[in-house]
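Residue numbers (my numbering): 42 to 366. Even glycine gets a Cβ: it sits at the ideal position worked out from N, Cα and C. Notes follow the structure.
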Amino acid sequence: MPTVFAHETWFTDGPFPSDWSFAGETLSLALLTAALAVTLLVRLIALRLPGADVPFLARLVPWMPFAVRMHLGASLVGLLSMGVYLSPAMDLEPTLGGIALGVTMGAVAFLMITGWHARAAAALLVAAGPLGMLEFGVGPVLQRADLLGLAVFVLFAGAGRWSADAEGGRFTEPSLADLGKAVWALRVGAGVALIVVAFAEKLANPEMALAFLAEHPDFNVAALAGLPLGDLEFVRLAGAVEVLFGLLLISGALPQAIVLIAGIPFNATLWFFGTDELIGHLPVYGAMLVLLAYGSDPALRPAVSALWPFGRPSLGVPEPVSMAR
């Protein structure tokens, strides 16, 4: 279902006023209720079947901070090369605010890729969020909560291997509790981004989604399959599915299965929109990689599904987790 994760705001021009009445219609509310019910069901299933141990994926765990830094840094470099802020929908103008945000993106990208003072870079990116809201508004920045999640991951987990921080002795192995907090921030950021986008581009803005489908009719895969589902109803369904995946990511239940299923539509959109879509989705790909690796490690899997890891000693011991594997 490629249109579920295609960003209409990135590829559709024109002002489209919000219409929350569409999200409040009975059928929309029913689909959203179903999404919540499915999420709760998956959480219950995960209590009995939490996931499978996959040793070759679990061996990637020590390299996840490096992978997050690379995904985050590469995405920022790509966006900056396009002359945009956190997404292709936010053009950087030659104003004081635009230049300041662009310089901030460049600095964060450099520090993340090199792993030099990575935690400071993560804090800088977090601080850049409210500053970006002054320039572009709250909604567009909230749609990139996935970037915030990756930044907070680095704050808790540190720069990791293959970093200037590690070479300079500024990196210590994170504890299991710290890794639990890091992956919680990462998955919540990715999930919130999906939910916000579902409303901003579909459920609370059906006109934008319909304009997108008018330009790209092949994205209504239900109609192509011969199902009697018009564009408007497909928009409703696609928005609900996007909310569902956001809730599932936030829940942390069955991370391996959720990542593999969500990866299909996420990768399908690359065929249609190429580089712009890849650059914009890199943070989500990084989050999915972390969830897949951590979910494959029996020691870390409980931390992946913890609903609130802060102040909970049951997440793990305070001693650093050995990354030598």
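With respect to the alpha helix (DSSP H) encompassing residue i, which residues constitute its N-terminal and C-terminal limits?
| i | result |
| --- | --- |
| S204 | Note, S204: premise wrong, no alpha helix (DSSP H); not H, not E. |
| S69 | T67 to R89 |
| N308 | P296 to G336 |
| P370 | In the structure as shown, the chain starts at 42 and stops at 366, and residue 370 therefore has no counterpart that could be examined. |
| E248 | P247 to E256 |
| S62 | W61 to A64 |
| F286 | D272 to S292 |
| L265 | V262 to L265 |
Leaving out the 5 sequence neighbours to the left and right, which residues in its chain are closer than 6 Å to residue i when beta-carbon positions are compared?
| i | result |
| --- | --- |
| G201 | P106 and F107 |
| G280 | A239, K243 and L244 |
| D206 | G156, A159, A200 and F212 |
| L319 | L311 |
| K222 | F197 and P350 |
| M364 | Bear in mind that the predicted position of M364 carries a pLDDT of just 49, short of 50, making it too unreliable to give a figure here. |
Evaluate residue i with the Cβ neighbour count: other Cβ atoms within 10 Å of its Cβ, from every protein chain shown; 16 or more gives buried, anything less gives exposed.
| i | result |
| --- | --- |
| G357 | With a pLDDT of only 41 at G357, under 50, the local geometry of the prediction cannot be trusted, and the value read off the model is given with reservation. It is buried - the Cβ of G357 has at least 16 other Cβ atoms within 10 Å. |
| D94 | exposed |
| L70 | exposed |
| R342 | buried |
| S62 | exposed |
| D132 | exposed |
| P56 | exposed |
| G173 | buried |
Return the chain-ordered list of same chain residues with a C-beta closer than 8 Å to the C-beta of residue i, the five sequence neighbours on each side being excluded.
| i | result |
| --- | --- |
| S204 | P106, F107, R110, T155, G156, W157, A159 and F212 |
Bridge partners of residue i, per DSSP?
| i | result |
| --- | --- |
| D132 | V125 |
Note down, in chain order, each residue of its chain lying with its Cβ closer than 7 Å to the Cβ of residue i, except the 5 sequence neighbours on either side.
| i | result |
| --- | --- |
| L101 | A334 |
| V325 | D187, A231 and F307 |
| G327 | A108, V109, H112, L113 and L191 |
| V300 | M329, L332 and L333 |
Are residue i and residue j close, meaning C-beta to C-beta below 8 Å?
| i | j | result |
| --- | --- | --- |
| A344 | V224 | yes |
| R185 | L332 | no |
| G230 | V262 | no |
| L323 | V237 | no |
| S128 | P181 | yes |
| S337 | A99 | yes |
| V284 | A130 | no |
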